[in-house]
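To start, the structure under review is shown below, and the notes come after it.
In our numbering, the protein residues as written are 37 to 96.
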């Protein structure tokens, strides 16, 4: 999948990400930052913006 270019206004608003996008951003949920109340929190970098993010992976 090609990376979608993010427009400036999109950064300020919530966005729903697919599991695939988050999996790629976290390199397979590899770099654990810590534990949350339900599961682990992982470091990620969002494609298109390069922004570092923390992603909490919770059970379905």
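Even glycine gets a Cβ: it sits at the ideal position worked out from N, Cα and C.
Buried/exposed call for residue i, threshold 16 Cβ in 10 Å
i	result
residue 94	exposed
residue 29	Residue 29 lies beyond the range of the chain shown here (37 to 96); nothing can be said about it.
residue 88	exposed
residue 57	buried
Beta-bridge partners of residue i, as assigned by DSSP
i	result
residue 78	68 and 91
Cut-off 7 angstroms between Cβ atoms - residues of its own chain near residue i, not counting five sequence neighbours on either side
i	result
residue 69	77, 78, 79 and 90
Neighbourhood of residue i by C-beta, 8 angstroms cutoff - its chain only, sequence neighbours within 5 removed
i	result
residue 59	65
Close-in-space but distant-in-sequence residues of the same chain around residue i (CB under 6 angstroms, 5 per side omitted)
i	result
residue 62	78, 80 and 91
Alpha carbon of residue i to alpha carbon of residue j, nearest angstrom
i	j	result
residue 83	residue 96	24 angstroms
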